[in-house]
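S.K.: Residue numbers (our numbering), protein chains in the order written: chain X, 376 to 712; chain D, 376 to 712; chain C, 376 to 712; chain A, 376 to 712. We put the beta carbon where it would ideally sit given N, CA and C, even for glycine.
Number of protein chains: 4
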Amino acid sequence: MMNTIGKILTLTTFGESHGPAMGGVLDGMPAGVDIDMDALQRFVDRRRTGQTAGSSSRAEQDRVEVLSGIWQGKTLGTPIGFIVRNTDARSADYEEIARCYRPNHADFTWQAKYGIRDPRGGGRASARETVARVIAGGIAIQALERLGITVEARIVQVGPHFGVAAEEHERLIAEVAKDGDTLGGIIECVVRGVPAGLGEPLFGKLHAQLAAAMMSIPSVHGFEYGDGFDMATRRGSEVMDELELREDGTIGTVTNHSGGIQGGISNGEDIAMRIAFKPVPTLMRPLPAIDCDGNPVTLQPRGRHDACVLPRALPIVEAMAALVILDNHLIKKTNVL
Amino acid sequence: MMNTIGKILTLTTFGESHGPAMGGVLDGMPAGVDIDMDALQRFVDRRRTGQTAGSSSRAEQDRVEVLSGIWQGKTLGTPIGFIVRNTDARSADYEEIARCYRPNHADFTWQAKYGIRDPRGGGRASARETVARVIAGGIAIQALERLGITVEARIVQVGPHFGVAAEEHERLIAEVAKDGDTLGGIIECVVRGVPAGLGEPLFGKLHAQLAAAMMSIPSVHGFEYGDGFDMATRRGSEVMDELELREDGTIGTVTNHSGGIQGGISNGEDIAMRIAFKPVPTLMRPLPAIDCDGNPVTLQPRGRHDACVLPRALPIVEAMAALVILDNHLIKKTNVL
Amino acid sequence: MMNTIGKILTLTTFGESHGPAMGGVLDGMPAGVDIDMDALQRFVDRRRTGQTAGSSSRAEQDRVEVLSGIWQGKTLGTPIGFIVRNTDARSADYEEIARCYRPNHADFTWQAKYGIRDPRGGGRASARETVARVIAGGIAIQALERLGITVEARIVQVGPHFGVAAEEHERLIAEVAKDGDTLGGIIECVVRGVPAGLGEPLFGKLHAQLAAAMMSIPSVHGFEYGDGFDMATRRGSEVMDELELREDGTIGTVTNHSGGIQGGISNGEDIAMRIAFKPVPTLMRPLPAIDCDGNPVTLQPRGRHDACVLPRALPIVEAMAALVILDNHLIKKTNVL
Amino acid sequence: MMNTIGKILTLTTFGESHGPAMGGVLDGMPAGVDIDMDALQRFVDRRRTGQTAGSSSRAEQDRVEVLSGIWQGKTLGTPIGFIVRNTDARSADYEEIARCYRPNHADFTWQAKYGIRDPRGGGRASARETVARVIAGGIAIQALERLGITVEARIVQVGPHFGVAAEEHERLIAEVAKDGDTLGGIIECVVRGVPAGLGEPLFGKLHAQLAAAMMSIPSVHGFEYGDGFDMATRRGSEVMDELELREDGTIGTVTNHSGGIQGGISNGEDIAMRIAFKPVPTLMRPLPAIDCDGNPVTLQPRGRHDACVLPRALPIVEAMAALVILDNHLIKKTNVL
């Protein structure tokens, strides 16, 4: 199940960047859930290219085509199959690349693994694959909303700039793009409204599932939840989230260093995590690569690429978070006879 | 499969801290692999308590009892079942805790999830569960050695102290323990000798699997590989791992910002990752807790606990890394007809 | 993973009978395997309707549209996504049925499970779903051929008629169809060329996997392999498959009561199994049903249905057998380090 | 997951016949279920040897040792690890067999698969493995009882004798045992009280899961449910289970040719299935075998073996049925949001 994620709610995706279509199957969605297809399309549109300066000029429409599992606006409990067509694929851009391995790309490693690869647009290694995640995640988000759970991602760092106002992001990225260079950054994602008791305490710790989901997004190099790496620098007495009885009769914590998870299980507080993205590896300047025989070559990038993935990654992060949380909501149901 | 990790090579663990035994089943181990039982016991001994200042005084022998799957020193291809007995369980220490929820512990969340819990020594939430991982991982390490792959973890940060010499770790921990306090820290793990081509490019990216495995270790709050979070602060031109043809005819990279993985697949370089541990939540000083009705209570910890988990976590980290790498070695075999 | 079958080679299907399309994702196919798309289409055409007397007059073209995973005639190692459009869906036929439960149909049980169902053409309970299996299985068959393994299914019983010549099948079915009635029957499937050593000895016994695969085909009520149920009536001394050394140096059995499998693992002989199909439940005569409130109603079937599923089931049986055998061929590779 | 069965409720078993112990891990059991350990031991005792004429004289005590997951008589929601020791292993009996392949045994196929095998008592291929299934199934049966679901297996055929009174079974088996021969037979299993709506409609059809579970029991060669193979000989009009509204307001069927399952989902009627067992392959007379080089040899069986497995197989069949039904009960909970 190499292209599948989840336990009860599972997403399987398929598609190469310049093949006929990208798609997926979301299985295990409960039956009878209202799905607003317009809202879903709007959510998917958030990751589309060509929307801001510094983002790829490839102009896919990404019109979601649901093929099964939703009927008369409701989920049927059957697998939700969906596709988006690849309409703007200029494969000619990639003929040179087919014979080369670019630095910080998956060219060499895919060749080592499979002995064959579709070089057009990165093939399946392209971040275009994430469109299927966003579709599935968008459906999950609508289900979570009915449970009072919301997911929100925001950019908290762009390259070396921490805590910069959202209006500044585009300008900072555009500046670097002008040099033909690219930027990494950090996204923070907060899930609100998760009741206490979600997550599996052992290998399936809620944060382990979230980590796997986020680390599976292209370009991600780090994951932390709660105080994360900073927690490692502290004494136990400094990060103690004391428990209290609240006025509404529920038990909560006074602080939230733990990021809403204790022992791998949600405690009812906001679940907070941060995801580190490396800079886009395709620069808009000559790239030092090697050909299949190991000879150095210089590539003139001609494809269309983002200078920073973060703006488009926001709905991807939200999608992955939603899939994990909804899956664990369903698993939780099986804890009692 | 909540207590299981892996795809082909799977580990399922069981056991509560103060129950009769901890144990596990390692399934999918190839047949005919020589296993040195003495070396395995020595590896398991590395995570034992009572060995250094600041570590728990609970004195388990942790004698590995292999019940199946290894015969005459060789694996049979059948599941390897194993247990270690819990011999030094002083359950009386935990009667008070049974009626309370401690801060930064899993007491409240387990109760929310299951409606019942074994409070003795943390029950299954105890880090004692990791002994099963170390046994299974120790077997995997022996198999990897036959493939020329080695795994090595070391402490790179103890609380606020970065890059401190190994001899200093014990002293720093002991110092904090004297205050009844605890420390977090960071472990770095390097896997050497992994050939290019291991890992699944999509949801099962090698670093996503490693992240899930590491984040499933108790107390872990963060994971990064290669340059990790630092990568997020850089421009693409600064972290480019240029490819080169080496004298031995293999293709490698000049630098290794990427930590040995590109597009989720190993590239033949060292796989490097860092894992952040929070400070141990059980302080040796009065703990502010609440009882089941939400009333504040002060607990006098009487169990036996480490002041810092890092020294004992080293073999756990190595074990989890080994399980993931060996699993992916096996998966790789199925990529060709 | 409710709509998924397989361990390494996995097939996930989706689609409702009268939705936009049926489809599937075949994941885990090894890379670099030549796929003949015309041969695949011909294989899929074998299960099409409207080809013989007594078969449904629904005239789907079932043109296979592969969306990913195959490029320039070769598998990429990536998931193979595919669809066939539902072009001839006359949903109006099913309005009455939406409010009723028909005998020996899945109407009532789906309602009990999901609380909602797509009644058009049986929705996902329609045998039309099997088109996705045939596509995936057709790909697996091509891979098996490269390994020297062939799969062949044939009708050995039509209703009460055993061992009837193939030319007679159509006539026997047409005869019953004239009465508005339907027939069951038995298909035998033989897999030749399977080397010794395939299958998992415990829960994944090769025949257990084959049984699950075959029993998952709509209308199947029984499965046996080798001498099957007849084996139960015998003494041990009567069904002993003695081993012998053959002239080519291989070890084989003199007889094959065991159907090519011992202890759940193939022994190199032909794998033989028989699958029992119930008669089609939709008669072309008034059907005694009940409505949602439990009131008896009489339905005049107006959809298009086969009088006997066996002719069209042949490629489905072959497809399921091929998927199981190829999956186990891949699993076998992981038995050695 | 080769030694694991189930989706939410999973059983993993381990152990070789003459190794230190047999055991298993039952994961996914809901929390808070009362378990009567004495009743469990009694259930396990039903498959013990040495109880009737014609059964193996190996005298294992099979004392169930639960190592985790049950505390103070209740399940914790954590994995239930358990073992039984192998106390009466006379390995010396098997030295000769280590160098030979017996007919209708797994000797040759295991060697072909793994290149190594533990020949003592059949190693893991021994039916002794089923003790772990009976323990896990016994726990599942207790949980099902709380849901009003019961499982009952009985022998309906012993060799050629159909419908013989239970008192006669022992005599018929003893008679054949006197000749040093063995007998096959058929067990019928009925599950009562299953509500409508259990089972997955596609690959996980309830009867497909039951088939896989039953076919995984050693010696089973056939499975059918409802009217089974007989269904194949009929016209649709003859096997129609008409629906009716019952006095208690529920919907049921007048007849039950379908065996309680429609479209892979339970319909509320009794679930009835039949399982065909081959005769025990180890005769108590000289066995024609071959050695590893292919030379014919004659073996004098000296181990301890049943002349007919059916009496001891009854609790095994019940155990497997219970595991499948309880698993599907849990899965059903996830069908709604």
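Beta strand (DSSP E) containing Asp402 of chain C: first to last residue?
M.R.: Taken as a continuous stretch (DSSP letters only), the beta strand (DSSP E) holding Asp402 of chain C covers 396-402.
S.K.: Less than 8 Å between the beta carbons of Ala664 of chain A and Leu618 of chain C, yes or no?
M.R.: Cβ atoms of Ala664 of chain A and Leu618 of chain C: closer than 8 Å.
S.K.: Mind checking Asp556 of chain X: buried by the 16 CB within 10 Å criterion, or exposed?
M.R.: Counting Cβ neighbours within 10 Å, Asp556 of chain X comes out buried, since at least 16 surround it.
S.K.: Could you check if Gln532 of chain X is buried or exposed, using at least 16 other CB atoms within 10 Å of its CB as the buried criterion?
M.R.: By the neighbour-count rule (16 or more Cβ atoms within 10 Å), Gln532 of chain X is buried.
S.K.: Is any beta-carbon of chain D found at less than 8 Å from that of Lys453 of chain A?
M.R.: Inspection of the sequence shows that residue 453 of chain A is occupied by Thr rather than by Lys. Taking Cβ atoms only, chain D reaches closer than 8 Å to Thr453 of chain A, which makes this a yes.
S.K.: I'd like to know if the stretch 570-590 of chain C and the stretch 699-706 of chain C are in contact, where contact means that at least 3 CB-CB pairs between them fall below 8 Å.
M.R.: Touching, yes, given that three or more Cβ pairs across the two stretches are closer than 8 Å.
S.K.: Taking only beta-carbon atoms, is Glu504 of chain C less than 8 Å away from chain A?
M.R.: Closer than 8 Å to some Cβ of chain A, the Cβ of Glu504 of chain C qualifies, so yes.
S.K.: Taking only the alpha-carbon atoms, compute the straight-line gap between Asp634 of chain D and Glu644 of chain D and give it to the nearest angstrom.
M.R.: Here residue 634 of chain D is Gly; the residue named in the question, Asp, does not match the sequence. Cα-Cα distance, rounded: 7 Å.
S.K.: Cα separation between Leu705 of chain X and Ala507 of chain C?
M.R.: Taking the straight line joining both Cα atoms gives about 28 Å.
S.K.: Regarding Ile706 of chain X and the ligand ADP, is the C-beta to nearest heavy atom distance less than 7 Å?
M.R.: Summarising the ligand content, the structure contains no ligands, and the ligand ADP is consequently not present.
S.K.: With burial defined as no fewer than 16 other Cβ atoms inside 10 Å of the residue's Cβ, what is the status of Gln637 of chain A: buried or exposed?
M.R.: By the 10 Å Cβ count, Gln637 of chain A comes out buried.
S.K.: Using DSSP with H/G/I as helix, E/B as strand and the rest coil, what is Arg492 of chain X?
M.R.: In the structure shown, Arg492 of chain X sits in coil (DSSP, three-state: anything other than H, G, I, E or B).
S.K.: CB Ile691 of chain X to CB Arg422 of chain X, shorter than 8 Å?
M.R.: Yes, the Cβ-Cβ distance between Ile691 of chain X and Arg422 of chain X is below 8 Å.
S.K.: Would Val655 of chain A and Asp681 of chain A be called neighbours here (beta carbons separated by less than 8 Å)?
M.R.: The answer is yes: Cβ separation under 8 Å.
S.K.: Bridge partners for Gly624 of chain D per DSSP, in chain order?
M.R.: None; Gly624 of chain D has no bridge partner.
S.K.: What's the C-alpha gap between Gly498 of chain A and Cys683 of chain A?
M.R.: When rounded, the distance between both Cα atoms is 20 Å.
S.K.: Hey, could you find the ends of the alpha helix (DSSP H) Gly512 of chain A is sitting in?
M.R.: That run of the alpha helix (DSSP H) goes 505-521.
S.K.: Closer than 8 Å by C-beta to Val441 of chain C: which residues in its own chain qualify, once you throw out the five before and the five after it? Chain order, please.
M.R.: Around Val441 of chain C: Met412, Ile455, Gly456, Phe457.
S.K.: So with CB distances below 7 Å, who are the chain D contacts of Glu335 of chain X?
M.R.: Look at the range of chain X in this structure, 376 to 712, and you will see that residue 335 of chain X is not part of it.
S.K.: Under 8 Å by Cβ, that's how I've got Thr525 of chain C and Arg567 of chain C pegged, so tell me the actual separation to the nearest angstrom.
M.R.: Contact holds; Cβ gap of about 5 Å.
S.K.: Would you give the residue range spanned by the alpha helix (DSSP H) that Gly747 of chain A belongs to?
M.R.: Because residue 747 of chain A is not part of the residues shown, which for chain A are 376 to 712, the question remains open.
S.K.: Would the beta-carbon of Asp402 of chain C fall within 8 Å of that of Met377 of chain X?
M.R.: Yes, they are a contact pair.
S.K.: Note the first and the last residue of the continuous alpha helix (DSSP H) segment covering Ala694 of chain D.
M.R.: It spans 685-707 - the alpha helix (DSSP H) in which Ala694 of chain D sits, taken as one unbroken run.
S.K.: Anyone know if the C-beta pair for Leu522 of chain C and Tyr489 of chain X falls short of 8 Å?
M.R.: Cβ atoms of Leu522 of chain C and Tyr489 of chain X: not closer than 8 Å.
S.K.: Around the Cβ of Asn670 of chain X, are there at least 16 other Cβ atoms within 10 angstroms (buried) or fewer (exposed)?
M.R.: Asn670 of chain X comes out exposed.
S.K.: Does Thr484 of chain D come out as helix, strand or coil in the three-state DSSP assignment?
M.R.: In this structure, Thr484 of chain D counts as helix in the three-state DSSP scheme.
S.K.: Per DSSP, which one or two residues make a beta bridge with Gln532 of chain C?
M.R.: For Gln532 of chain C, which the question treats as bridged, DSSP gives the partners C:Phe537, C:Ile561.
S.K.: Could you tell me whether the Cβ atoms of Glu599 of chain X and Met648 of chain X are closer together than 8 Å?
M.R.: Contact: yes.
S.K.: Which of the three DSSP states is assigned to Leu712 of chain A in this structure?
M.R.: It is coil, neither helix nor strand.
S.K.: For chain X, find out if any of its Cβ atoms is closer than 8 Å to the Cβ of Gly403 of chain A; answer yes or no.
M.R.: Yes, contact with chain X.
S.K.: Does any residue of chain A have a CB that is nearer than 8 Å to the CB of Met695 of chain D?
M.R.: Taking Cβ atoms only, chain A never reaches closer than 8 Å to Met695 of chain D, which makes this a no.
S.K.: Taking its Cβ as the centre, do 16 or more other Cβ atoms sit within 10 Å of Asp437 of chain D, making it buried, or is it exposed?
M.R.: Buried, because 16 or more other Cβ atoms sit within 10 Å of the Cβ of Asp437 of chain D.
S.K.: Indicate whether Gly534 of chain A and Thr608 of chain C have their beta-carbon atoms separated by less than 8 Å.
M.R.: Contact: yes.
S.K.: Under a three-way DSSP split, which group does Glu550 of chain D fall into?
M.R.: In the structure shown, Glu550 of chain D sits in a helix (DSSP, three-state: H, G or I).
S.K.: Please decide whether Gly560 of chain D counts as near chain X, where near means a Cβ-Cβ distance under 8 Å.
M.R.: Closer than 8 Å to some Cβ of chain X, the Cβ of Gly560 of chain D qualifies, so yes.
S.K.: Would you mind sorting Ala541 of chain A into buried or exposed? The rule is 16 or more other CB atoms within 10 Å of its CB.
M.R.: Under this definition Ala541 of chain A is an exposed residue.
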